[in-house]
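Working notes for the structure below.
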Amino acid sequence: MKNFVSSVQSFFKMETATGIVLIASVAIAMLVVNTGLYTMYSHLSHSEFTLKLLGIDLEKDFHFFVNDGLMVAFFFLISLEVKREFVSGELSNPRNVILPAAAALGGLIVPIAIYHFFNFGTETKNGWAIAAATDIAIAFGLLALAGKNTPTSLKVFLMTLAIFDDVMVIGIIAFFFTESLNYNYLIASVVCSLVLWYMNKKNVENFAPFAIIGFVLWYCVYMSGIHATIAGIVLGMFIPMSPRKIYDNEGKAHERRSMLESLEHTLHETVSFFILPIFAFVNAGVAISAQDISGLTSNVSLGIILGLIVGKQFGVFTTVFILVKTKVAPMPQGANWLQMYGIAALCGVGFTMGLFIGGISFDDPTVQYKLPILVGSAISGVIGISVMKYSLRNK
Numbered sequence: 001m002k003n004f005v006s007s008v009q010s011f012f013k014m015e016t017a018t019g020i021v022l023i024a025s026v027a028i029a030m031l032v033v034n035t036g037l038y039t040m041y042s043h044l045s046h047s048e049f050t051l052k053l054l055g056i057d058l059e060k061d062f063h064f065f066v067n068d069g070l071m072v073a074f075f076f077l078i079s080l081e082v083k084r085e086f087v088s089g090e091l092s093n094p095r096n097v098i099l100p101a102a103a104a105l106g107g108l109i110v111p112i113a114i115y116h117f118f119n120f121g122t123e124t125k126n127g128w129a130i131a132a133a134t135d136i137a138i139a140f141g142l143l144a145l146a147g148k149n150t151p152t153s154l155k156v157f158l159m160t161l162a163i164f165d166d167v168m169v170i171g172i173i174a175f176f177f178t179e180s181l182n183y184n185y186l187i188a189s190v191v192c193s194l195v196l197w198y199m200n201k202k203n204v205e206n207f208a209p210f211a212i213i214g215f216v217l218w219y220c221v222y223m224s225g226i227h228a229t230i231a232g233i234v235l236g237m238f239i240p241m242s243p244r245k246i247y248d249n250e251g252k253a254h255e256r257r258s259m260l261e262s263l264e265h266t267l268h269e270t271v272s273f274f275i276l277p278i279f280a281f282v283n284a285g286v287a288i289s290a291q292d293i294s295g296l297t298s299n300v301s302l303g304i305i306l307g308l309i310v311g312k313q314f315g316v317f318t319t320v321f322i323l324v325k326t327k328v329a330p331m332p333q334g335a336n337w338l339q340m341y342g343i344a345a346l347c348g349v350g351f352t353m354g355l356f357i358g359g360i361s362f363d364d365p366t367v368q369y370k371l372p373i374l375v376g377s378a379i380s381g382v383i384g385i386s387v388m389k390y391s392l393r394n395k
């Protein structure tokens, strides 16, 4: 447990910086789009690039290569973290899983219900999952701004909740945002997955074969009709976690950290300070006009904003309250109800994944979903920081 707490504290410092960088990326994108630089921004997003590798020839715009290419690394990293936690981490103990898992589910169901209330049976019903996701990086960054005395147990709770939230959202993307399937490429994807499984079973210590098969898997998944980022999840599941052996000059074997741990360590900074900021910059460019502001009262906007603000708070906090009061699960050590409410509010910061899901939810480019996500996330963040600061004022 001590090792886990220590790793959470290190993770928290990393995510704090990531949150700040992401917020800066959003601010820069908003500034660029709402000034004379909009043309340059639009040109960058729609610039065409050609990928030629391993016999694959794919021509797409920069926006595609960010959302369907670079973001694969983000989902790959999530998959590595989830696998590690379930195999040997905090989530390997069922007792530590109940409260954050249930809270994540509650925080998923209520926002979806709120969105359906406003959009059920309409052409915009496909946006139901936008408010379901929590942006762990920004949430941690904002939590850090609340003060240094936040109980570590709450940080562990938020991180674990976010992991389950990510898993559920990934499941949503895989099962609900796949329109038509090309079964030839789907079969090829299964074959690639079986090869990865076999290499994992044999504990292949060289990452190169995994990278090659992973790239082919990415292309096959994309061509099959399933969202390409799912390939990152599958690849992460089959990365070996057994400690690797190295031999000294005398032929004695020594253990070093596993491929999974090495990749997790290597990728964290790249994803946090390069990929996610680029994703945020490319996707957060919202031109704000009087019409956009008036559009915040549309059914889509109300479903997203209220889903993030009301849905997340009610879903997470109520679930925790019921489970703790019925003694199904214990309250995080050293935490009080006001602090738990602050955490529930921070779960309403759904920026990165919200934008990602919004981008694959609507075919109509006129549907406004970015500004509502920014508004709902900003209000949730302000509420969360304010509540946490107030609860920690005497510490």
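Using this note's numbering, read the sequence shown as starting at 1 and increasing by one per residue.
Heads up, the beta-carbon is just placed ideally off N, CA and C, and yes, glycines get one too.
Can you tell me which of the three DSSP states residue i falls into?
i    : result
L181 : coil
K60  : strand
R393 : coil
R95  : helix
R84  : helix
Quick one: give me the first and last residue of the beta strand (DSSP E) that residue i is part of.
i   : result
F49 : E48 to L53
Taking 7 Å as the limit between beta carbons, can you name the residues of its chain near residue i, skipping five residues before and five after?
i    : result
M237 : S79 and K83
W218 : V72, A228 and A231
I322 : none
V216 : L54 and C192
P277 : V21, L22 and S25
S189 : L217, C220, V221 and S224
R104 : Note that residue 104 corresponds to Ala in the displayed sequence, not to Arg. Cβ within range, chain order: L161, F164, D165 and M168.
Give every residue of the same chain whose Cβ lies closer than 6 Å to the Cβ of residue i, excluding the five residues on either side of it in the sequence, and list them in chain order.
i    : result
F354 : With the sequence shown as reference, residue 354 is identified as Gly, and Phe is not the correct amino acid for it. Excluding sequence neighbours, G354 sits near I130, A133 and I373.
G225 : T178, S180, L181 and N182
I383 : A345
I407 : Because the chain in this structure spans residues 1 to 395, residue 407 falls outside the shown range and cannot be described.
L338 : S391
N283 : L355
L108 : A132 and M168
S380 : L308, I309, A345, G348 and V349
V32  : Y41
L235 : F76 and G214
V324 : M331
S361 : N126 and G127
D166 : I78
L70  : I275
T319 : A102, A103 and G106
Need the endpoints of the alpha helix (DSSP H) that residue i sits in, please.
i    : result
C347 : Here C347 belongs to no alpha helix (DSSP H), and DSSP marks it neither H nor E.
L369 : Residue identity check: residue 369 is Tyr in the sequence provided, not Leu. Premise fails: Y369 is in no alpha helix (DSSP H) and is neither H nor E.
T319 : K312 to K325
D165 : T152 to F176
H265 : M259 to T270
A129 : Counting along the chain, A129 falls outside any alpha helix (DSSP H), and DSSP gives it neither H nor E.
L235 : I230 to M237
S294 : A290 to S294
S242 : Here S242 belongs to no alpha helix (DSSP H), and DSSP marks it neither H nor E.
D216 : Contrary to the premise, residue 216 reads as Val rather than Asp in this sequence. Per DSSP, V216 belongs to the alpha helix (DSSP H) from F207 to S224.
F362 : No alpha helix (DSSP H) holds F362; DSSP gives it neither H nor E.
L276 : L276 to N283
H43  : Y38 to S45
G303 : N299 to L306
Assign residue i to one of two classes, buried (16 or more other C-beta atoms within 10 Å of its C-beta) or exposed (fewer than that).
i    : result
I187 : exposed
K370 : buried
K327 : exposed
Y222 : buried
A102 : buried
L306 : buried
I288 : exposed
Y341 : buried
K312 : buried
A162 : buried
I112 : buried
E59  : exposed
G141 : buried
T160 : buried
E81  : buried
S301 : buried
E264 : buried
Check whether the Cβ of residue i sits closer than 7 Å to any heavy atom of the ligand NAD, and report yes or no.
i    : result
V286 : Of ligands this structure carries none, so the ligand NAD is not represented either.
If I measure Cβ to Cβ from residue i and keep anything under 8 Å in the same chain, skipping five residues before and after, which residues do I get?
i    : result
K125 : H116 and N119
P209 : M199
I114 : A131, G303, L306, G307, V310 and G311
Can you find a CB in chain D that lies within less than 8 Å of the CB of residue i?
i    : result
G236 : Note that chain D does not occur in the displayed structure, where there is just one protein chain.
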